[in-house]
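Participant: So the sequence shown is numbered by the UniProt record's numbering: it starts at 1 and just counts up by one.
All residues carry an ideal CB built from backbone N, CA and C; glycine is no exception.
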Amino acid sequence: MWPKLFKKRNMKTRYREIEIDENVLVSNYGVVVRQAREKSGLDHATLASKISEKKSIVASVESGNMRPNEKLIKKLENFLKIKLTENVESNPELNSKKSSKGLTMGDLLKQAMEEN
């Protein structure tokens, strides 16, 4: 018989904390950009030339027809001294095989026992 080359490993449920810190674009980014531009006394063309972008790009962002990419967001934030992103932190989650299965019959029985 062939020798055992591999040992069978016990696979335990592993828990892993996941924390996600994301910067998310604010929902009214177009209004914020337009108000900051008007407050600075600039028109579309002037702002576009100052941040090295096209006039149509600035107008599209203000109207909400175009979502700015990270590079454009940074340009607008730095030049207009505004904040277009929010820091969103998610709660740590436990990832395991058990948590992805949902409720089991045992879980339902425990809940029923606790209610009584």
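Would you call V24 buried or exposed, if buried means 16 or more other Cβ atoms sit within 10 Å of its Cβ?
Facilitator: The residue in question, V24, is exposed, as its Cβ has fewer than 16 Cβ neighbours within 10 Å.
Participant: Please look up how many angstroms separate the CB atoms of V33 and L80, rounded, as I've assumed it's under 8 angstroms.
Facilitator: V33 to L80, Cβ: 7 angstroms. Contact.
Participant: Under the rule that 16 or more other beta-carbon atoms within 10 Å means buried, what is L103, buried or exposed?
Facilitator: Exposed, by the Cβ-count rule.
Participant: If we call anything under 7 angstroms between Cβ atoms a contact, is H44 one with V26?
Facilitator: Going by C-beta atoms, H44 is not nearer than 7 angstroms to V26.
Participant: Threshold first: 4 residues or longer. Then list the alpha helix (DSSP H) segments lying entirely within the segment 24-91, N to C.
Facilitator: 29-39, 44-50, 55-63, 70-80, all fully within the segment 24-91.
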